[in-house]
Structures are given as C-alpha cells and as structure tokens.
Amino acid sequence: MTTAPRELNDAELLRYSRHILLDEIGIEGQQKLAASTALIIGAGGLGAPATLYLAAAGVGRLVIVDHDTVELSNLQRQIVHDASRLGVPKAESARDTLAAINPLIEVIPVVARADDALLAQWVPQADVVLDCSDNFPTRHAVNRACVTARAPLVSGAAVRFDGQLTTFDSRDNATPCYHCLFPDEGDASDGPCATFGVFAPLTGIIGCAQAAEALKVLIGLGETLVGRLQLLDGKTLRWKELRYKKDPRCPVCGEQHGA
Ligand SMILES: [Zn+2]
36 MTTAPRELND AELLRYSRHI LLDEIGIEGQ QKLAASTALI IGAGGLGAPA TLYLAAAGVG
96 RLVIVDHDTV ELSNLQRQIV HDASRLGVPK AESARDTLAA INPLIEVIPV VARADDALLA
156 QWVPQADVVL DCSDNFPTRH AVNRACVTAR APLVSGAAVR FDGQLTTFDS RDNATPCYHC
216 LFPDEGDASD GPCATFGVFA PLTGIIGCAQ AAEALKVLIG LGETLVGRLQ LLDGKTLRWK
276 ELRYKKDPRC PVCGEQHGA
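Everything in the sequence shown is counted per the working numbering, starting at 36 for the first residue and increasing by one.
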C-alpha cells in the first residue's frame, strides 16, 4: 500500500523535531511516517520494543495482532506490558502503553491468532509488516500474505542468546522471501519461547533493530537488509552477516507462483 504524506500540526512538528533535524528524514520523511500503517505480528519480546519505538517515532497507525494475555513470566523482557496488566490481552495492554507515550497516533489492537484469514484482511492495508512472532507456522503464514500483497516484511527472531534479523521486500519480484531462506515449514507446535529460555535484552536489541528497519522502509532511507541475514551472538555481542538469494523454485514467491 502506498500512502500520500500528510501535513503535520504544531504539536507533531515539536514532538518529532529531533527526527526532522535529520537531513535523511526531515519534514517529508516524518510526514510519510504519519501517513503510514505498520502491522506488527506479536506483542511479545520483539513486538514490545518494536511497537514502543514505532509509536514514539510517529508511525501514524499501528495494528498489533496477538491472541495471548500477559503472564508474569513475560515481564522479564516484554517491556510494553507491566505488572498491572497480568491477564489482559497483550494487544490491548500494548495499546494502552503506546497511547500514553504518543496520543497522536492510532493503535488498533487485534486480539486474535495471525491465521491466513486475518492476515489476508490486514496485510494489504499495511505499508510495512513486522514479524515479531515466535513460531514457524506463523512466520510462513505472514510471509505468504506479504508475498501476495507485495508488502515489505521485517523479520526478527530471538531464542536463548541467538538473534536473527532480515528484511524481505516483495515489491521487487527479484528479491527472496522468507521461504527462500527457510524452506522448512516446521511443525505446528508451540513457539520456541514456550520451551526455551531467552536472554532478556536480546529481544530488545532485535526488536529495536526491526523498528529501525521498518522506519527505513517507510521513509525510503538508507539500505535495507533485503538479501542479508544478520545473526547476533548475545554472548559475544558479535554480528555476522549471511547473504542469501531468491530460490527460483520457491513455492511461495517462485515462477510457478504466477506473480
Ligand atoms: Zn521465496
């Protein structure tokens, strides 16, 4: 979806002045953000920091999809929630936190699983999609919906001490999709976070980097991570970059797909 920039009022010009001072963003870039919709799949460890920065930075409309409720064990890393929200749907808890930080944007909580039908409804309305989910079936479903709608997808993952980050952009048919990179669809069991530990600030680092990528995509700023997978070792804080290519026989984005 391409949205026309919109004028900023005085409160917005002041609130976003440190962005506007950047030549690479300026008023034009900030206007693009104000007119943009970001769809965030998951309001957990990655979605929490990602939505905090997207909201603070002035993305005009955030749609947050999560079917889960806030549990005590989430608060170790899911910093958009707090102890007063135990038992509250995560999407609604996130909405309340974000509204308190930035009442000038619209936050739409969607308390539901990100299944094919839901994604078919929301992905075409998004200018950028952030996959902040924690399981392979959802990741593949989000990827299929983004390829179909030609929506840019910023993908992050954080398990134990290992972080991953990359971007897919189906607006350009020649670029790879998530399935090109991870062809194994996995099984439908619970996400890794349900069974494995996760180093709290690792989710913050990856989630913040997803927000940075999403802002870059929306503004058209710098160079995105299309075709480049970033791997972070949380124990050494060393990043590694792996290049990857489109699989011409990919069942999702390849030639047989009929795009
Ligand atoms: Zn593909």
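We treat Cβ as the ideally placed atom computed from N, Cα and C, and that holds for glycine.
Could you spell out where the alpha helix (DSSP H) holding residue i opens and where it closes?
{"i": "residue 156", "result": "151-157"}
{"i": "residue 86", "result": "82-92"}
{"i": "residue 65", "result": "61-69"}
{"i": "residue 216", "result": "213-216"}
{"i": "residue 49", "result": "45-50"}
Taking residue i as the reference, give the member of the options with the closest Cα.
{"i": "residue 216", "options": "122, 174, 41 and 112", "result": "174"}
{"i": "residue 186", "options": "172, 208, 158 and 47", "result": "158"}
{"i": "residue 113", "options": "64, 234 and 210", "result": "234"}
{"i": "residue 141", "options": "48, 70 and 60", "result": "70"}
{"i": "residue 42", "options": "107, 134, 56 and 63", "result": "63"}
{"i": "residue 220", "options": "286, 203 and 269", "result": "286"}
{"i": "residue 100", "options": "161, 48, 202 and 184", "result": "161"}
{"i": "residue 85", "options": "238, 279, 182 and 253", "result": "238"}
{"i": "residue 57", "options": "254, 83, 272 and 261", "result": "254"}
{"i": "residue 143", "options": "77, 272, 59 and 206", "result": "77"}
{"i": "residue 103", "options": "211, 204 and 145", "result": "145"}
{"i": "residue 236", "options": "110, 39 and 98", "result": "110"}
{"i": "residue 98", "options": "212, 59 and 147", "result": "147"}
{"i": "residue 122", "options": "184, 176, 153 and 107", "result": "107"}
{"i": "residue 126", "options": "245, 168 and 152", "result": "168"}
{"i": "residue 75", "options": "60, 49 and 154", "result": "154"}
{"i": "residue 45", "options": "139, 96, 150 and 202", "result": "139"}
{"i": "residue 156", "options": "184, 134, 39 and 61", "result": "184"}
{"i": "residue 134", "options": "150, 96 and 39", "result": "96"}
What residues in its chain sit with their C-beta under 7 Å from that of residue i, if we drop five residues either side in the sequence?
{"i": "residue 231", "result": "194 and 195"}
{"i": "residue 251", "result": "257 and 259"}
{"i": "residue 249", "result": "73, 89, 163, 165 and 189"}
{"i": "residue 52", "result": "none"}
{"i": "residue 91", "result": "136 and 137"}
{"i": "residue 289", "result": "282 and 283"}
{"i": "residue 120", "result": "105 and 128"}
What are the start and end residues of the beta strand (DSSP E) that includes residue i?
{"i": "residue 233", "result": "Neither: residue 233 is in no beta strand (DSSP E) and is coded neither H nor E."}
{"i": "residue 199", "result": "197-204"}
{"i": "residue 275", "result": "273-278"}
{"i": "residue 73", "result": "72-76"}
{"i": "residue 101", "result": "First-last for residue 101: undefined, no H or E at that position."}
{"i": "residue 264", "result": "263-268"}
Looking only at its chain, what residues have a beta carbon closer than 8 Å to the beta carbon of residue i, apart from the 5 residues adjacent to it on each side?
{"i": "residue 241", "result": "81, 191, 192, 193, 198, 199, 200 and 267"}
{"i": "residue 65", "result": "43, 47, 51, 54, 55 and 93"}
{"i": "residue 243", "result": "84, 85 and 88"}
{"i": "residue 247", "result": "88"}
{"i": "residue 204", "result": "187, 188, 210, 252, 259 and 261"}
Give every residue of the same chain whose Cβ lies closer than 6 Å to the Cβ of residue i, excluding the five residues on either side of it in the sequence, and list them in chain order.
{"i": "residue 277", "result": "264"}
{"i": "residue 79", "result": "113"}
{"i": "residue 94", "result": "68, 71 and 73"}
{"i": "residue 274", "result": "265 and 267"}
{"i": "residue 132", "result": "115"}
{"i": "residue 177", "result": "76 and 166"}
{"i": "residue 130", "result": "142 and 144"}
Under 5 Å from any heavy atom of ligand 1, by CB: list those residues in chain order, please. Working through the chain, the matches are 212, 214, 215, 285, 287 and 288.
Ordered list of alpha helix (DSSP H) runs contained in the stretch 116-193, each at least 4 residues: Fully enclosed alpha helix (DSSP H) runs of 4 or longer: 125-136, 151-157 and 171-184.
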